[in-house]
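J.: Position in the sequence shown counted from 1, then plus 129, gives you our numbering. Note that the Cβ used here is the ideal one computed from N, Cα and C, for glycine as well. No experiment lies behind these values; they were computed from the predicted model shown.
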Amino acid sequence: MTEKSGSDGHESRLTVSLERIDGFQFRVTFGEEFEQLLMDEPEPLGENEGPNASRVLSAAVGNCLSASLLFCLQKSDVAPNEVMTDVTTTMTRNDEGRLRIGGTEVEILVDLDQEERDRIGRCLDVFEDYCVVTQSVRDGLDVTVSVVDEEGQELHRSDGSDG
130 MTEKSGSDGH ESRLTVSLER IDGFQFRVTF GEEFEQLLMD EPEPLGENEG PNASRVLSAA
190 VGNCLSASLL FCLQKSDVAP NEVMTDVTTT MTRNDEGRLR IGGTEVEILV DLDQEERDRI
250 GRCLDVFEDY CVVTQSVRDG LDVTVSVVDE EGQELHRSDG SDG
C-alpha cells in the first residue's frame, strides 16, 4: 500500500492491491508492513475461505467507529475496561434483483467504571463525526472504475453515475 499526501494538505491517497489466486479468491496486500488478507466469496460462487467485500466493509465501519470512540475517550482520560463491537449488515435486493447492502447496525459495548461514565458525554456527541469510513459511506463515495488489458489499454471506464 502506498499513501501520499496532497500538495494542499487536505487530500491523501492510499493504494491496496488485490491479486487473484484461484476461483474467486484474492490476496489483498495493504503494504509490506501488514499481513496479507485472503478474500473469497461464499458458496456456491466461491469456497468461503475468507471474508467477502461486504464483510470487510462491515468490519471497516465497525473498526473506524470503535477506534474513533476509543480515541476520544483516551483524550478525555477515560480508560474503558473493554470495548467490543458487533456489526450487523443487512443484504437486500434492488429493483433489478441485484444484491446490495441495505443497511448496517453497529453496537459498541464500552465497559466503564461509574466515575468515568459521567465523563463520556462529549465523546458520545462527536465520535461518529470523526469516523472517516462511516461518514464516507453515509455521504456516498465517488467511485471511478476502469478496466485495462495487459497492455494498459482501457477497455471500460465509468465514473459511478452510470447507476
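Considering only residues of the stretch 156-226, which uninterrupted beta strand (DSSP E) runs meet the minimum length of 3 residues and lie entirely inside it, listed in chain order?
T.: For the stretch 156-226, whole beta strand (DSSP E) runs of length 3 or above, ordered along the chain, are 166-168, 211-222.
J.: In angstroms with no decimal places, state the Cα-to-Cα distance between Gly250 and Gly179.
T.: Whole-angstrom Cα-Cα distance: 38 Å.
J.: For a minimum of 3 consecutive residues, which ranges assigned as the beta strand (DSSP E) are wholly contained in the stretch 225-287?
T.: Whole beta strand (DSSP E) segments, 3+ residues: 228-240, 274-277, 283-287.
J.: For Asp242, which of Asn210, Arg267, Thr233, Leu253 has the nearest alpha-carbon?
T.: Out of Asn210, Arg267, Thr233, Leu253, Asn210 has the C-alpha closest to the C-alpha of Asp242.
J.: If you compare alpha carbons, which of Leu147, Ser187, Gln203, Gly160 is closest to Thr233?
T.: Residue Ser187 is the option with its Cα nearest to Thr233.
J.: Taking just the CA atoms, how far does Leu147 sit from Asp278?
T.: Between Asp278 and Leu147, the C-alpha separation is close to 16 Å.
J.: Could you check the C-alpha separation between Asp258 and Gln264 for me, to the nearest Å?
T.: One C-alpha to the other measures close to 7 Å.
J.: Glu140 by DSSP, collapsed to three states: which one?
T.: Reduced to three states, the DSSP call for Glu140 is coil.
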